[in-house]
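Take the sequence shown: its position 30, counted from the start at 1, is 30 in UniProt numbering, and no numbers get skipped.
For glycine and all other residues, C-beta sits at the position ideal for the given N, C-alpha and C.
Since the model is a prediction, treat every value here as computed from it, not as a measurement.
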Amino acid sequence: MEYTSGAASWQKVLRRAVAGLLPGRPRQRRPGWSIGVPLIAAAAGLLFTTSATTANGTALREDRRPQLNQLIADRAEQVAASELRAANLRGQVEQQTDTLAHSDGPIKAQQDRAKGSLQSAGFTKLAGTGVTVELNDAPRRSDQTPSDASNDDLVVHQSDVQAVVNALWAGGAEAMSIMNVRVLTTSAVRCVGNTLLLHGRVYSPPFKIVAIGDPAALQHALASSQGVRLFKDAVDDYQLGYKETVSAVEVPAFEDSTALRSATVPR
């Protein structure tokens with residue numbers, strides 16, 4: 001095998017480079033690259049145009065939380081205004097029904113029949129002895145927080161609230177409220193993150209649940225509930241909040257819509 005010196009090798013490289021630049025030895029063009037360059041340029045232009053349109057003259061990374069907070073506040077005002085209007089309309093209907101009842105026997109009979117069911121249906125406020133349960137998120141992370149604890153371990157979940165509510169109903173609760181909002185056996189408890197969604201309104205912890213009934217039976221039902229026991233275990237492990245008290249309590253009347261949403265034919 002023949003070896004060449006470093007100087008000779010550099011001479012060969014130089015001669016090849018010069019030969020590639022001579023008119024008689026044109027370089028080979030790459031068709032794929034020549035087509036790809038315009039496509040890449042067009043895509044880049046489209047991207048810049050889309051970014052400019054989306055930004056609408058503002059920075060894409062601009063903090064828009066104040067705008068979101070304002071939007072939420074505006075929607076809350078609209079909901080409050082709609083609820084007030086609905087309450088006024090219900091009052092007008094009741095007033096006109098009372099007026100007709102004085103001169104119409106069948107309407108008076110149906111009105112008396114409906115009034116007899118108001119309390120059992122939850123449309124009157126009630127007071128009595130009962131149990132109050134308060135659930136709360138764990139405090140901010142500290143030295144007492146387990147190192148392997150996730151954010152989900154430190155907040156109250158939908159299943160936790162449902163466990164308390166179901167236990168109180170099972171214990172014979174006559175009436176119940178959550179966050180001072182009357183709930184029925186058909187009321188849906190939903191959690192979004194660590195907030196509670198109830199009858200279209202959003203509530204933050206601590207979540208206060210009040211039930212009227214025999215305190216001993218209610219507390220026994222809470223102690224027997226597996227879901228409540230699991231939450232109490234998490235209280236010990238992650239410093240979540242659980243408080244259970246017996247006292248004289250009051251629950252408001254049910255104020256949500258009474259419109260029928262679904263029904264089944266009895267068999």
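Buried versus exposed call for residue i [16 or more other C-beta atoms within 10 Å across all chains shown]
| i | result |
| --- | --- |
| V265 | exposed |
| V161 | buried |
| L71 | exposed |
| I209 | buried |
| V93 | exposed |
| G130 | buried |
| I40 | exposed |
| G122 | buried |
| S224 | exposed |
| G24 | For G24, the pLDDT reaches just 47, beneath the cut-off of 50, and the residue's location in the model is therefore unreliable, leaving the point undetermined. |
| L84 | exposed |
Supposed close pair residue i, residue j - CB separation, criterion 8 Å
| i | j | result |
| --- | --- | --- |
| L135 | P206 | 6 Å |
| V189 | T195 | About 12 Å; that fails the 8 Å criterion. |
| I212 | E174 | 5 Å |
| P215 | V246 | 4 Å |
| V79 | G200 | 7 Å |
Among the options, the one whose alpha carbon lies nearest that of residue i
| i | options | result |
| --- | --- | --- |
| V192 | H157, G122, N180 | H157 |
| A170 | L218, P139, D152, R140 | L218 |
| D148 | G122, D237, S204 | D237 |
| Q239 | H220, D137, M179 | D137 |
| M179 | R267, N166, L197, P146 | L197 |
| R229 | S187, S159, R267 | S159 |
| T231 | D152, T186, S187, R267 | Residue identity check: residue 231 is Phe in the sequence provided, not Thr. Checking every option, the nearest Cα to that of F231 belongs to D152. |
| S120 | T185, L47, A248, S204 | T185 |
Cβ shell of residue i (< 6 Å), same chain only, five flanking positions each side left out
| i | result |
| --- | --- |
| V100 | It should be pointed out that residue 100 corresponds to Leu in this sequence rather than to Val. So the list reads I107, once near-sequence residues are dropped. |
| V235 | Y242 |
| E244 | V133 |
| V183 | M176 |
| G227 | A163 |
| E250 | A127 |
Neighbourhood of residue i by C-beta, 8 Å cutoff - its chain only, sequence neighbours within 5 removed
| i | result |
| --- | --- |
| T124 | L118, A253 |
| Q111 | T97, D98, A101 |
| L168 | V131, V133, M176, I209, A211, G213, L218, A221, L222 |
| T145 | A138, L154, Y238, Q239 |
Any C-beta of chain D under 8 Å from that of residue i
| i | result |
| --- | --- |
| R229 | Of the protein chains in this structure there is only one, and it is not chain D. |
Own chain partners of residue i with C-beta closer than 7 Å, once the 5 adjacent residues on each side are dropped
| i | result |
| --- | --- |
| A44 | none |
| P139 | Q239 |
| R267 | none |
request  = Within the segment 224-266, note down every full alpha helix (DSSP H) run reaching 4 residues or more, in order along the chain.
outcome  = 226-238
inquiry  = Runs of 3 residues minimum, wholly inside the segment 99-150: which ones carry the beta strand (DSSP E) assignment?
reply    = 126-136
ask   = What are the uninterrupted segments assigned as beta strand (DSSP E) that are 3 or more residues long and contained completely in the segment 155-192, given in chain order?
value = 175-178, 181-183, 190-192
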